[in-house]
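A.B. asks: Residue numbering for the sequence shown follows the working numbering, starting at 10 and increasing by one per position. Quick one: the structure is below, and I'll ask about it shortly.
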Amino acid sequence: MDSSHSTKETGDIPIPITESKSSKKTPPVAAVSRWKKAFAAKKTAHQPPVSRWKRALGILDFILRICAIATTLAAATAMGTTNQQLPFFTQFFQFKADYTDLPAFTFFVIGNAMAGAYLVLSLPFSIVCIVRPHIIGARLMLLVFDTIAVPLITAAASAAASIVYLAHNGNSDANWVAICQQFDDFCQRVSGAVVASYIAALIFIFLVIVSAVALRRK
């Protein structure tokens, strides 16, 4: 007797009964698993690999920005709160030195404050460059604004440094007398602010280099 056919007698006429078999076969589990792994491997192969050195550059960029924020805000605060009044005075004159008396010092405060504010606003974009090292738009934007900040902070520090030099040494040809012998606290504070501003300018140069390297290498 065939396994796929059987007969059932009804009176004298045999009626064949065919057992139905499914025409579709279920694929083995192992084949499905291999297909899924191959598809995942193919999909991963098209994605660009995350470069460790670019992520390291992003972390370095973020750390440098934190340091630059500290130096620029410290320089602006130190200069903006600098004033000294001598204990002796006359009926008509008081001997007082304030940063607002000199436009170069005022420009110094504004320039460092603007640079510090920009650095604070740039931190989210620096974090984006760490999370997504291959992104180009954020890195290019940071490079452009960092490059603009370098001459700004350098000009502010240089203008203030020239006044600090005159305050310490004077100029005999122009009959400008050195005032740091009397206003010693004032000169110490403005000198420290200028040094901090130059450090910030150096950090900005490093930031430009980091961004340029991150954009150049593949």
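Glycine residues also receive a C-beta, built at the ideal position from the N, C-alpha and C atoms.
Give me, in chain order, the residues of the same chain whose beta-carbon lies closer than 8 Å to that of M150; leave out the 5 immediate sequence neighbours on both sides.
C.D. replies: F134
A.B. asks: Going by CA-CA distance only, name the one from P142, A221, N92 and F71 that's closest to Q191.
C.D. replies: For Q191, the closest alpha carbon among the candidates P142, A221, N92 and F71 is that of N92.
A.B. asks: Please look up how many angstroms separate the CB atoms of F114 and M88, rounded, as I've assumed it's under 8 Å.
C.D. replies: 6 Å
A.B. asks: When we look at the beta-carbon of I162 and count the other beta-carbons within 10 Å, is it buried (16 or more) or exposed?
C.D. replies: buried
A.B. asks: In the DSSP assignment, what residue or residues form a beta bridge with A106?
C.D. replies: Note: A106 sits in a beta bridge opposite Q93.
A.B. asks: Could you have a look at N184 and say whether DSSP puts it in helix, strand or coil?
C.D. replies: coil
A.B. asks: Please report the distance separating the alpha-carbon of I188 from that of A106.
C.D. replies: Taking the straight line from one Cα to the other gives about 9 Å.
A.B. asks: Quick check: A166 and A223, are their CB atoms within less than 8 Å of each other?
C.D. replies: no
A.B. asks: Could you tell me if P142 is buried or exposed, where buried requires 16 or more neighbouring beta carbons within 10 angstroms of its beta carbon?
C.D. replies: It counts as buried.
A.B. asks: Considering only C-alpha positions, which residue in the set W185, L152, L130 and V199 is nearest to A168?
C.D. replies: V199
A.B. asks: Excluding five sequence neighbours on each side, which residues of the same chain lie with their C-beta closer than 8 Å to the C-beta of L82?
C.D. replies: N121, A122 and G125
A.B. asks: So, for Q94: in the same chain, excluding its five sequence neighbours on each side, which residues have a beta-carbon less than 6 Å away from its beta-carbon?
C.D. replies: Excluding residues within five positions, the ones whose Cβ falls inside 6 Å are K105.
A.B. asks: Is D70 buried or exposed, if buried means 16 or more other CB atoms sit within 10 Å of its CB?
C.D. replies: buried
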